Amino acid sequence: MNFHETFFILLAAIIMIFSVLVVTTDKILRAATYLLFVLLATAGLYYWLQYEFMAAVQVALYAGGIVVLIVFSVLLTHQIHHKLVSITLTRKLLAFGIAGLGALVSIVTIVNYDFNTAPAEAMKVDVRQIGLHLVNTGHNGFALPFEVVSILLLAALIGAITIAKKEESNSDNI
Amino acid sequence: MQSELLVLFFVLGLILSGGAIVFSYFIMPHSFNATKVEAYECGIPSKNNSWSQFNVGYYLFALIYLVFDVEIVFIFPWGEVLKEVGKPALVEILIFFFVLALGLAYAWKKKALKWE
């Protein structure tokens, strides 16, 4: 087992352990913290695949943005100090059965699948390539989607403000 | 890719920071009293649970932050090739910024940036 494989197994182990902890912990804020570790390990996985930019995005957006949002929304609720009600045994068994079935299907599919290596050389995906495609207006260019993204972000911003912001008339009872 | 160095850095960081904690645990005097677990050890005794509902403003700021966080993701690759591509890239980012500035203006107008 070489270094490359060890690195993957390490990251996969971190992701699996903390994923299980996210759903098994009975405190919601702890679940959010475990989710942070899962997302960071996923960033490590992207780095392992040599998608350095994707790894950076994963850390900045998911670990930095989404988790902060989740933590804030958790802190906004009234009942954060309440513990989760314990799950009944039938439900646990049912969940284990379904999860096991899903795992079985996945494993059987992966084992039976005939993996062929493509003869073409792997495409280089670094920040420069992404940038070149992003501003390219010609063939294989993504200039229009790039501009559409700004419209999408604008819509998201307006939507967020509309939902989260209280109206002027009843703002005095915050 | 020199991920060996990254792992070495991670492990060394773990040893250095974790080692300090473990070492101090062994040499510190062990004593316990109830005051030690309070939030402010030498202040006014805390009245109730520290779990309380936060101001909704935090959530709004987090949402706005997230939008501009996504924007940054697109600006980094653009910045990488700006010199290479030149004018077209500049025009594209100006359109991009203009649309997002509209969003910022909207947030400003709706007083979403104001803390209350």
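Order-wise, the sequence lines are chains P and G. Per our numbering, the first sequence starts with residue 2, numbered consecutively. Per our numbering, the second sequence starts with residue 1072, numbered consecutively. By construction, the Cβ of each residue, glycine as well, lies at the ideal position given by its N, Cα and C atoms. Just so you know, these numbers come straight off a predicted model, no measurement behind them.
Simplified DSSP state of residue i, which is helix, strand or coil
i	result
ILE52 of chain P	A small fix is needed here, since residue 52 of chain P is Tyr in this sequence, not Ile. In this structure, TYR52 of chain P counts as coil in the three-state DSSP scheme.
GLU1163 of chain G	helix
ILE88 of chain P	coil
TYR1129 of chain G	helix
LEU5 of chain P	Note on identity: in this sequence residue 5 of chain P is His, with Leu being the wrong assignment. In this structure, HIS5 of chain P counts as helix in the three-state DSSP scheme.
ILE175 of chain P	Note that ILE175 of chain P scores 45 on pLDDT, short of 50, meaning its location in the model is unreliable and no value can be drawn from it.
PHE19 of chain P	helix
LEU1184 of chain G	coil
GLU1109 of chain G	coil
LYS1154 of chain G	helix
GLY1114 of chain G	coil
PRO1100 of chain G	coil
ASP27 of chain P	coil
Contact belief for residue i with residue j at Cβ below 8 Å, rounded distance in angstroms
i	j	result
LEU145 of chain P	VAL1170 of chain G	Not really, about 13 Å apart at Cβ, beyond 8 Å.
VAL68 of chain P	ALA42 of chain P	About 13 Å separates the two Cβ atoms, so there is no contact after all.
GLU1193 of chain G	GLU148 of chain P	Nothing about residue 1193 of chain G can be reported from this structure: the residues present for chain G run from 1072 to 1187 only.
ALA61 of chain P	ASP1140 of chain G	6 Å
GLU1109 of chain G	PRO1116 of chain G	7 Å
PRO1148 of chain G	LEU105 of chain P	PRO1148 of chain G to LEU105 of chain P, Cβ: 41 Å. No contact.
Neighbour list for residue i in chain P, Cβ cutoff strictly below 9 Å
i	result
TYR1177 of chain G	LEU155, LEU158, ILE159, ILE162
GLU1163 of chain G	LEU135, VAL136, THR138, ALA144, PHE147, GLU148
Contact list for residue i against chain G, beta-carbon separation under 8 Å
i	result
VAL36 of chain P	It should be noted that the sequence gives Leu, not Val, for residue 36 of chain P. Under the 8 Å cutoff, chain G gives no residues; its nearest Cβ is about 15 Å from LEU36 of chain P.
GLY65 of chain P	ASP1140
VAL39 of chain P	Result: empty, since nearest Cβ-Cβ is about 17 Å, beyond 8 Å.
VAL58 of chain P	VAL1144
Neighbouring residues, chain P, relative to residue i (Cβ below 7 Å)
i	result
VAL1170 of chain G	SER151, ILE152, LEU155
ALA1183 of chain G	ILE162, LYS166
ALA1133 of chain G	VAL69, LEU70, PHE73
TYR1130 of chain G	PHE73, SER74, LEU77, ALA165
GLU1142 of chain G	LEU154
Closer than 8 Å at the beta carbon, the chain P residues around residue i
i	result
TRP1186 of chain G	Residues of chain P passing the Cβ test: none, with the nearest at roughly 11 Å.
VAL1138 of chain G	LEU154, ALA157, LEU158, ALA161
GLY1174 of chain G	LEU154, LEU155, LEU158, ILE159
VAL1082 of chain G	Neighbours of VAL1082 of chain G on chain P: none; closest Cβ ~11 Å, over 8 Å.
ILE1166 of chain G	GLU148, SER151
Per-residue contacts from residue i into chain B (C-beta, under 9 Å)
i	result
GLY132 of chain P	This model lacks chain B altogether; the protein chains it does include are P and G.
Check: residue i C-beta below 7 Å from any heavy atom of the ligand PLP
i	result
LEU36 of chain P	As presented, the structure is devoid of all ligands, the ligand PLP included, so that no description of it is given.
Under 7 Å by beta carbon: chain G residues contacting residue i
i	result
VAL128 of chain P	PHE1147, PRO1148, GLU1151
LEU62 of chain P	ASP1140, VAL1141, VAL1144
Proximal chain G residues relative to residue i, where beta-carbon distance stays under 9 Å
i	result
VAL24 of chain P	Going along chain G, no residue has its Cβ under 9 Å from VAL24 of chain P, so there is no contact; the nearest lies around 22 Å.
What ranges does the beta strand (DSSP E) occupy inside the stretch 68-155 of chain P, keeping only unbroken runs of at least 3 residues that lie completely in it? none
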